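Please read the structure below before turning to the comments.
Okay, structure coming up:
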């Protein structure tokens, strides 16, 4: 554990040193734009912004940009080449406006962006946050498995004693209760998704790189997870499941026969389930981050009026922010639980036998 | 709008890393951990079952013990009764034999006493006879001390004899 932390610290430090070389001056006018600050914190970014110095210099960790363009092939470079979106590099730049605002676009000789034809696989802030959780999970659970393989008669020790109650919680209170007796085949997915969401949520609350990225508050991440649930549900669906969708029992025939009204509703239901999963997690985590940032921003809003007011407001703001963090710790667990439970319920519906 | 626009890069990396972690953990972490947990559940269940069995066995043993104790009590009672009976029998027997013995001894004593008495009587008779003879002799001697008296007596006796 300590070794891992040291490696992470060294990594971020070296990147930090690297980044300071790349720092540059931005406009001195430092008008407070709370919306931009908050949105800037919760959306994805090509570099990991750490701070802006009083003189207006951005200090950030540059992240790798990986692009595939139909016109010029693969590109691989660090995001520091964009100088925080102020310059273009190799015909790419970060769009400032339009539907692609904030994204990398390829520009032609006249500086106009091309429409499409560009696949952006950059290791953005969210991706790094994602990978941090993934490595953390690998580290924790491979270690736990090593302890577990000493045998069932030994008392749980070390990291296993921390994760074991959660694993039992997922097994007994989520999988076994929602799926039924055939829950074993879904356990690996449910455990992985539960711990992934739980750890990512918690890491999102730590404001020190490489944590603090709003990973589970990113719609692409939650949609991907929901898609996996959707895929597993669809693949494991048995005859009974599909019968329920296309020929729902207990419904008058005229709701199905000339116009397939009921099947239509049921098919929509199949697709709304993963969409709901994705949006719920995304909205909850993003909302938590927004509220917390808003409380902290209050200090600066009042500080802009007068420093004295800002200082006077700060204790209350901090009190609320601390309360929000505590609430978010709870929400982190609840959202991981809800996502996993709903996935389990969908699996349970997919494999339910006719009765 | 930007925060709800899906990003292909993030989706790609999410799938890649999630699936990689999923497959690695499924093989190397979830399998051993779940096996261990199931095994432990089984062993706990077994332990509970065996504890239950032990309790049942214990109950059975207790019941058996109770029966045994009851039996033992009954046996003790009967033994005591028997012992008492034997005791009274022995006592009465002893009493009887003691009585017999005493009677016998008394009888013997009585016989001996009567024999003794008879012997004493016989002796006494002899004594008395000898004393009488002696006394008679002494009296005679005294009576016949002077010559006149001797003559008188002799004459008397002679007279008597003559009369006859």
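Protein chains in written order, with our numbering: chain A, 3 to 357; chain B, 648 to 811. Every residue, glycine too, gets a C-beta built ideally from N, C-alpha and C. All of these numbers come straight from a predicted model, not from anything done at the bench.
Distance between beta carbons of residue 681 (chain B) and residue 189 (chain A), contact taken as under 8 Å:
Indeed, because the Cβ distance is near 6 Å, the residues count as touching under 8 Å.
Please classify residue 78 (chain A): does DSSP put it in a helix, a strand, or coil?
Strand at residue 78 (chain A).
Is residue 804 (chain B) buried or exposed, if buried means 16 or more other CB atoms sit within 10 Å of its CB?
Taking every protein chain shown into account, the CB of residue 804 (chain B) has fewer than 16 other CB atoms within 10 angstroms, so this residue is exposed.
Under 8 Å from the C-beta of residue 151 (chain A): neighbouring residues of chain B:
Simply 679, 683.
On the three-state DSSP scale, how would you describe residue 48 (chain A)?
Three-state result, residue 48 (chain A): coil.
Can the beta-carbon of residue 203 (chain A) be found closer than 8 Å to that of residue 126 (chain A)?
In this structure, residue 126 (chain A) does not lie closer than 8 Å to residue 203 (chain A) by Cβ.
Proximity of residue 218 (chain A) and residue 283 (chain A) at Cβ, strictly below 8 Å:
A contact, by the Cβ cut-off of 8 Å.
Less than 8 Å between CB atoms is the rule here; does residue 654 (chain B) satisfy it with respect to chain A?
With 8 Å as the cut-off, residue 654 (chain B) counts as an interface residue toward chain A.
Cβ pair residue 124 (chain A), residue 93 (chain A) closer than 8 Å:
No. Outside cutoff.
Using 10 angstroms around the beta-carbon of residue 86 (chain A), count the other beta-carbons present and answer buried if the total reaches 16, otherwise exposed.
Label assigned to residue 86 (chain A): buried.
Can you give me the C-alpha to C-alpha distance between residue 722 (chain B) and residue 713 (chain B), rounded to a whole angstrom?
Going by the C-alpha atoms only, they are around 14 Å apart.
Within 10 angstroms of the Cβ of residue 194 (chain A), are there 16 or more other Cβ atoms? Answer buried if so, exposed if not.
Residue 194 (chain A) comes out buried.
Determine the direct distance from the alpha carbon of residue 700 (chain B) to that of residue 286 (chain A), and round the result to whole angstroms.
Those two C-alpha atoms are separated by around 51 Å.
Per-residue DSSP class, three states only, for residue 91 (chain A)
In the three-state reduction of the DSSP assignment, residue 91 (chain A) falls in the strand class.
8 Å Cβ cutoff met for residue 327 (chain A) and residue 294 (chain A):
Taking the C-beta atoms as reference points, residue 294 (chain A) is found nearer than 8 Å to residue 327 (chain A).
At the level of alpha carbons, what is the spacing between residue 669 (chain B) and residue 341 (chain A)?
Residue 669 (chain B) and residue 341 (chain A): Cα-Cα distance of roughly 16 Å.
Looking only at its own chain, which residues have a Cβ that is under 8 Å from the Cβ of residue 182 (chain A), when we skip the five neighbours before and after it?
350, 353, 354, listed in sequence order.
What first and last residue would you give for the alpha helix (DSSP H) that runs through residue 330 (chain A)?
Bounds of the alpha helix (DSSP H) holding residue 330 (chain A) are 309-353.
For residue 134 (chain A), count neighbouring C-beta atoms within 10 Å of its own C-beta (all shown protein chains included) and say buried if the count is 16 or more, exposed if not.
Classification for residue 134 (chain A): buried.
Quick one: which chain A residues come within Cβ less than 8 Å of residue 692 (chain B)?
In chain A, no part has a C-beta under 8 Å from the C-beta of residue 692 (chain B); the shortest such distance is about 12 Å.
Check the DSSP bridge columns for residue 60 (chain A) and list the partner residues they point to.
Looking at the DSSP output, residue 60 (chain A) bridges to A:54.
Specify, as a first and last residue, the run of the alpha helix (DSSP H) that residue 778 (chain B) falls within.
Start and end: 678-790.
Beta-carbon proximity check, residue 165 (chain A) vs residue 192 (chain A), cutoff 8 Å:
Annotated as distal: residue 165 (chain A) and residue 192 (chain A), with beta-carbon spacing of 8 Å or more.
Does any CB atom of chain A fall closer than 8 Å to the CB of residue 672 (chain B)?
Put simply, the CB of residue 672 (chain B) is near chain A, with a gap under 8 Å to one of its CB atoms.
Sequence-distant residues of the same chain with beta carbon closer than 7 Å to residue 659 (chain B), five excluded per side
Here the set comprises nothing.
Status (buried if at least 16 other CB within 10 Å, exposed otherwise) for residue 136 (chain A)
In summary, residue 136 (chain A) is buried, with 16 or more beta-carbon neighbours lying within 10 Å of its beta-carbon over all protein chains present.
At the level of alpha carbons, what is the spacing between residue 62 (chain A) and residue 216 (chain A)?
Approximately 16 Å, taken between the alpha carbons.
Between which two residues does the alpha helix (DSSP H) containing residue 190 (chain A) stretch?
Segment 189-206, the alpha helix (DSSP H) holding residue 190 (chain A).
If you compare alpha carbons, which of A:129, A:186, A:236 is closest to residue 665 (chain B)?
Residue 665 (chain B) has its Cα closest to that of A:129, out of A:129, A:186, A:236.
Throw me the rounded Cβ distance for the residue 142 (chain A) and residue 661 (chain B) pair, which I believe falls under 8 Å.
The C-beta separation of residue 142 (chain A) from residue 661 (chain B) comes to about 19 Å, leaving the pair out of contact by the 8 Å criterion.
Out of A:347, A:76, A:67, A:291, point me to the one whose CA is closest to residue 83 (chain A)'s CA.
It is A:67 whose Cα lies nearest to the Cα of residue 83 (chain A).
Would a check of beta-carbon distances place residue 167 (chain A) closer than 8 Å to chain B?
No, no contact with chain B.
Specify the secondary structure class of residue 800 (chain B) as computed by DSSP and reduced to three states.
DSSP places residue 800 (chain B) in helix when its eight states are reduced to three.
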